[in-house]
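Number 509 in my numbering belongs to position 490 of the sequence shown; there are no gaps in the numbering.
Cβ atoms here follow ideal geometry from the backbone N, Cα and C, with glycine treated the same way.
Quick caveat: nothing in here was measured; it's all calculated off a predicted structure.
Comments concern the structure below.
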Amino acid sequence: MLKNYLNVALRNLFKHKFYSFINILGLSIGLTCFLMISLYVVDELSYDTFHSDIEKTYRMDFSGMINGSEFITALSSAPAAKTMVAEYPEVTDAVRIRESGNWLIKRKDTENNYYQDDVAFVDPNFFTFFDFKLIKGDVEECLKRPKTLVLSETEAEKIFGEEDPIGQIVVIDNDENWEVTGVFEDMPSNSHMNFTMMFTMESREEAQSQFWMSFNFVTYLKLQDGFNPAVLEAKFPALIEKYIGPEVEKYIGVSLQEFYDAGNAAGFSLFPAKDIHLYSDKDGEIMANGDIKYIYVFTAVALFILILACINFMNLSTARSAGRAKEVGVRKVMGAYRHQLIRQFLSEAFIITFISIVIAYVLSFLLLGQFNELAAKEMRINQLFSAGFIVIILTVLLVVGLLAGSYPAFFLSKFRPVEVLKGKLNLGLKSGGLRSILVIVQFCVSIIMIIGTAIVFQQLSYIQNKKLGFSKDQVVMVHDPWIMGDQASSYKNEVLQSSLIKSGTLSSFLPVDTQSNNNLWFPGATPTKDESYVFYEARVDHEYLETLGMEMVAGRFFSKDFPSDSMAIVVNESLVNHMGWDSGLNKKLSTYGGSQEDPIVEVYNVVGVIKDFHYTSLKNNIEPLLFTLGNSRGYVSFKIDGENVRESLDFIEARWDEFAPGQPFQYSFLDDRFNDLYQSEQKLGQIFSVFAFLAIFIACLGLYGLAAFTAEQRTKEIGVRKVLGASIISIITLLSKEFLKLVAIAFVIAAPLSYYFMDKWLQDFENRTNINLMVFLLAGIVALVIAWFTMSFQSWSAARANPAKSLKDE
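Rendered as structure tokens:
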């Protein structure tokens, strides 16, 4: 019996090649999208699950508020880890990580320096705390001695080739010799940390500090099996009172309770390590994390596109039901039972679905590289053959086969043979209420995706063209001028001798999310217990304002004509407003300098107010910021001639080679770094564009099939109309208008839904574009035009047919 079902199913597929092709093509595309997005979603959900103790591992975070300035960090104090293990028995282990930017690396006795990112200091128990695999070396001993480091497998091969790296010496920043004591397997791509080189924390001086009010370390705790983290969090107020309270009283001059009574806050919290990648977005994250919202969006997109393909199958199957009705009638007259007919139709659905899955796997294999590039992932095709994915695919085969084949199976199998064989069955387009609903659903989803894509790119355009308050064009950032030591300033001045270079500046901070410091500041010349503030501080030189094109609104910027500027500050408008000052000029702010053990009060005078500019992502409001004058060598930046970019870069590099011979030259453009802040939004827009196109393609594929079937069913009607003088345009209009009505209804439903979802998305941005209603109108017009062209192509062929051929049987 099964063989008979298969034979009949295959015979029907080959007999109706056109409809079979449309069904298989639509399902194949839908399943390919589903597989790709499933890979993405599974990869995102798998982050850090390879650690055996991940369920009881938590990050110890700190957050607080001082005079209205809120800070939420993924960081803790240097002594927190050891204190938690020593004083809380529910904490079985703790480890700290201190990121350290990029370093200049070379093998000893060689001259080939290079910059290495993704470097960190870690505690000696790092490899016993986490399940990262150490290939060479002792997991317990490799980081216990000062001046020792471990390398990733790729990094070890890069530096030492085929030689054994253990015991070899790596020179850091042309100055310090570090011994290689271990090689670890490259960290998995589904980890929220991805280091290539790790130094022992035993050589980091600040790691030995007992100061609690400095937050620079990512601290992880491992709790006892089954212990409720909320119970430990309930003990944190006492921890703060014991250790931070005395420091608050020493540096701010108030008791901890008075600090709280003034509306301030300070608190530790525990964040599950398994949730960091998708749920955490705090200051001090080890790397940029994902976002659970995008998982929901992409999962919905995958399901919708798969549903669109299933809708095509159902639509074409029910549309062709009149042609299969006589087959059903004859089978029933010959003794077939209804359950046998249901099996027959379902077997056809399962065969089409199975063929589509095979094609989808082939397409996934061919397109995975491009999808990895689009999604910034490193997914592998063998993941599609894992046990978990096989279960997913078998489930999809079952669900899609039933979903796509159930309606035609149960609908056709209930036909009464007497009525069918007498020709009393009426299955025209207007009677196809279900088909109409399904077409509306298809185009509703397609229009929502078109509008969503348009608004994402509209927001990106708004970001890129918004007046930021500084000039980001033709500004070259030369990285790591600290290599030159005291010669960095001379390098800058030498480069400025060229007419190609308009200006240049040395600074610790640039308005593209580079590093700035948070410091505690007090109004007036004396720290007071009544007021204290946490402000961003940037150390710059005299030419900073000119190079970045910022604007003063009061007073002046730093000037070489004023030697006293060493104790002057320039503030932004937001800081003036935050302090409640009228102008801010000649106001004083004080802070603590010196060492933690022997602090001294430093008093600064406000000499200028700079116009607010966006120095972090436009997702955030502009926060208070102050500039101090200093000899920082974080970046040297040059405003160059936009018409001679290559020549300017060559000159900058040539001078670099004079001041830093043998050292690698690296640079980036400020506008590129600015655009990098919005990579996730750019990725979202690109992915939406691809899937919006596929959604509209699948919808039109089904529409084309329905139009072909409708034209086929109305062949004689078309012939009669042509004989009576109907024009080709009028016939095309006749065949298209019913479908165009459905597309119009879909637009009416999709427009408010799109507005709701995209308005929610835009709320993530403090600075956002207004939703332009013209986008909705254009999306509706695009959908209508695409649908009309899809149907017109088939309708044109039907309208041009010779009526003599269609009427010759009458």
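Around G420, the same chain offers A368, F369, T372 as residues with beta carbons nearer than 6 Å, after the five sequence neighbours per side are excluded.
With a cutoff of 9 Å on beta-carbon distance, F203 and I154 are scored as near each other. Restricting attention to F476, S57, E260, the CA atom closest to the CA of N391 is found in S57. Residue state for Y654 is assigned as strand, using DSSP reduced to three classes.
Taken atom to atom, the span from the alpha-carbon of K301 to that of I178 is near 34 Å. Per DSSP, the beta bridge partners of N537 are Y555. For I191, the enclosing beta strand (DSSP E) stretches over residues 188-191. Excluding its 5 nearest sequence neighbours in each direction, I259 has C-beta neighbours in its own chain below 8 Å: L275, A285, G286, F287, listed in chain order. Beta-bridge partners assigned by DSSP to Q135: W122. Residue environment analysis places S47 among the buried positions, since at least 16 neighbouring C-beta atoms fall within 10 angstroms of its C-beta. The beta carbons of E118 and A100 sit no closer together than 9 Å. Of all C-beta pairs linking the stretch 763-774 to the stretch 796-812, three or more are shorter than 8 Å, placing the two stretches in contact. Under the three-state reduction of DSSP, P618 is assigned to strand. For S687, same chain residues with a beta-carbon under 6 Å away, outside a window of 5 residues either side, are M496 in chain order. Contact between V514 and R692 does not hold, since their C-beta atoms are separated by about 20 Å, which reaches or exceeds 8 Å. Less than 9 Å divides the Cβ of W780 from the Cβ of V475. Going by DSSP, V590 is part of the beta strand (DSSP E) stretching over 587-591. Burial state of S585 is exposed, judged by a 10 Å Cβ sphere holding fewer than 16 other Cβ atoms. F37 carries a helical assignment under DSSP once its states are collapsed to helix, strand and coil.
Residue range 520-526 is occupied by the beta strand (DSSP E) that includes I520. Under DSSP, M571 takes part in a beta bridge, and its partners are I629. Counting only the Cα atoms, S383 lies some 47 Å from K163. In this structure, the CA atom of K630 is about 7 Å from the CA atom of G488.
DSSP, reduced to helix, strand and coil, places N791 outside both helices and strands of the structure shown, so it counts as coil. Membership of T92 in any alpha helix (DSSP H) is not indicated; the residue belongs instead to the beta strand (DSSP E) covering 88-92. Separation of T219 and T167 (C-alpha to C-alpha, rounded to the nearest whole angstrom) is 6 Å.
Note that the C-beta distance between L539 and I271 is below 9 Å. Taking the CA atoms as reference points, V622 sits about 52 Å from E397. Beta-bridge analysis with DSSP links Y686 to V497. Spatial neighbours of L386 in its own chain (CB-CB distance under 8 Å, excluding positions within 5 residues in sequence) are listed in chain order as T51, M55. Apart from sequence neighbours up to five positions away, no residue of its chain approaches D280 with a beta-carbon distance below 7 Å. For the options F758, Y59, D778, Y66, the alpha carbon positioned closest to that of L403 is the one of Y59. Segment contact: the stretch 169-183 against the stretch 238-256, fewer than three CB-CB distances shorter than 8 Å; contact not assigned. DSSP lists T92 as the bridge partner or partners of D302.
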